[in-house]
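See below for the structure under consideration.
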Ligand SMILES: [Zn+2]
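Residue numbers (the working numbering): 2 to 375.
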């Protein structure tokens with residue numbers, strides 16, 4: 002699983018001298034063309050095109066050869082291979098994702114992280130904890146994958162039912178003992194959970210199992226975990242992985258749509274009062290060229306073309322004939338959105354892709370917008 006700290010590490014590549022080769026490769030084994038390592042042929046084609054765009058670049062040729070060798074050892078146990086190789090640093094990052102991203106290869110300063118950042122942004126990591134008086138199960142869900150981390154079995158003495166009068170005193174002692182064991186169990190689970198939440202970079206928490214125990218666990222959580230708790234769901238402690246995945250997915254989709262809509266509504270308010278946000282491509286480019294922005298927001302599936310100045314690296318629409326900033330010549334960039342996102346990320350900003358109702362709302366002012374720093 003890819004974590005946010007991987008992205009931070011990858012961002013540092015743009016500060017190192019030398020170029021990074023970025024590859025997003027379709028390795029999906031459901032596609033016949035990819036079977037029998039057919040994806041290696043696709044990689045060769047991608048690299049050939051890239052080399053053609055950078056004639057005589059020997060570092061690229063050497064890096065491309067290294068990447069071909071690395072890919073020969075990749076197990077295609079997902080849909081997209083993500084690979085970054087920085088030859089001078091001897092650095093390689095690779096990961097196979099369970100979702101499809103458009104195949105592409107890039108050569109330049111820094112890794113092209115936009116597709117990956119979109120994935121991290123769109124898919125928060127959930128922890129699902131199912132608890133009853135006997136046990137607790139902890140799973141994390143990310144990118145449609147579930148991982149079970151721990152089956153915490155507690156040895157709780159059974160609670161006696163139907164007490165008979167002559168045994169009443171010892172009975173109530175047993176009950177008390179049972180209740181104490183349960184509350185100790187809940188505390189153990191809460192403690193274990195707060196440790197794992199940090200280690201696994203969990204964004205959200207869902208509890209389930211026995212309703213009473215789940216509520217007790219919610220109350221026993223430290224404050225910072227309570228802030229990540231989204232719901233207590235009636236999922237049985239014995240639920241299958243498929244069931245847990247499905248229920249988590251429903252929660253996830255609901256929350257993401259709400260959060261996106263909130264970002265877009267704030268943005269719209271700022272745009273309309275001429276505050277800390279601008280909308281539309283020309284204004285967004287101006288903002289990004291001028292200084293680091295806080296957040297780039299755009300409608301999912303957007304594709305843009307534009308131009309880049311070879312001198313000051315400003316980004317512009319096709320309407321400009323010369324660089325408005327320094328007067329130098331401009332060259333066309335077909336993946337303008339990638340360049341733009343990269344610039345925003347390098348400046349310490351974030352990127353938010355919106356879909357559904359949030360996308361419709363954003364379109365009232367444009368397909369793309371920038372929230373400026375305060
Ligand atoms: Zn310029």
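Cβ atoms here follow ideal geometry from the backbone N, Cα and C, with glycine treated the same way.
Distances taken from the Cβ of residue 332 to the heavy atoms of ligand 1 include none shorter than 8 Å.
In this structure, the CA atom of residue 67 is about 28 Å from the CA atom of residue 338.
Pairing residue 235 with residue 351, the inter-Cα distance amounts to about 35 Å.
Residue environment: residue 63 is assigned as exposed (fewer than 16 neighbouring CB atoms within 10 Å of its CB, all protein chains considered).
For residue 351, the uninterrupted beta strand (DSSP E) segment begins and ends at 351-355. Taking 8 Å as the cut-off, the C-beta of residue 314 counts as close to a heavy atom of ligand 1.
In its chain, beyond the 5 residues on either side, 141 have a beta carbon closer than 6 Å to the beta carbon of residue 148. Here the alpha carbons of residue 222 and residue 196 stand approximately 11 Å from one another. Boundaries of the beta strand (DSSP E) harbouring residue 209: 205-210, taken from the DSSP string. Pairing residue 95 with residue 185, the inter-Cα distance amounts to about 42 Å. Distances between the C-beta of residue 326 and the heavy atoms of ligand 1 include at least one below 8 Å.
Taking the C-beta atoms as reference points, residue 369 is found nearer than 9 Å to residue 297.
DSSP places residue 232 in the strand class (E or B) of the three-state scheme.
The region 110-122 and the region 4-23 touch, with no fewer than 3 CB-CB distances between them shorter than 8 Å. With a threshold of 16 other beta carbon atoms within 10 Å, residue 242 falls short and is exposed. In the assembly as shown, residue 259 is an exposed residue. Its beta-carbon has fewer than 16 other beta-carbons within 10 Å. No heavy atom of ligand 1 is found nearer than 8 Å to the CB of residue 20. Between residue 146 and residue 329, the alpha-carbon positions lie close to 49 Å from each other.
The beta carbon of residue 329 sits closer than 8 Å to at least one heavy atom of ligand 1. Residue 308 sits in a strand when the DSSP states are folded into three classes. Between ligand 1 and the CB of residue 310, the shortest heavy atom gap is smaller than 8 Å. Contact holds between the region 124-141 and the region 197-209, because three or more Cβ pairs, one in each stretch, are under 8 Å apart. Contact annotation, residue 87 with residue 19: C-beta distance approximately 6 Å; criterion of less than 8 Å satisfied. Contact between the region 71-78 and the region 46-56 is not established, with fewer than three Cβ pairs separated by less than 8 Å. Between residue 43 and residue 23, the alpha-carbon positions lie close to 15 Å from each other. Residue pairing for residue 42: DSSP places it in no beta bridge. When the Cα atoms are used, residue 267 and residue 327 turn out to be separated by approximately 34 Å. In the DSSP annotation of this structure, the continuous segment of the alpha helix (DSSP H) that includes residue 226 starts and ends at 224-227. Where residue 332 is concerned, there is no enclosing alpha helix (DSSP H), although the beta strand (DSSP E) around it starts and stops at 331-334. Sequence-distant partners of residue 212 (beyond 5 residues in either direction) whose C-beta falls short of 8 Å from its own C-beta, in its chain, are 233, 235.
Two segments are said to touch when three or more pairs of C-beta atoms, one from each, lie closer than 8 Å; by this definition the region 283-303 touches the region 341-360. Out of 30, 102, 178, 265, the CA that lies nearest to the CA of residue 361 is found in 265. When DSSP states are grouped into helix, strand and coil, residue 7 belongs to the helix group. Residue 177 carries a helical assignment under DSSP once its states are collapsed to helix, strand and coil. Assigned with DSSP and collapsed to three states, residue 87 falls in strand.
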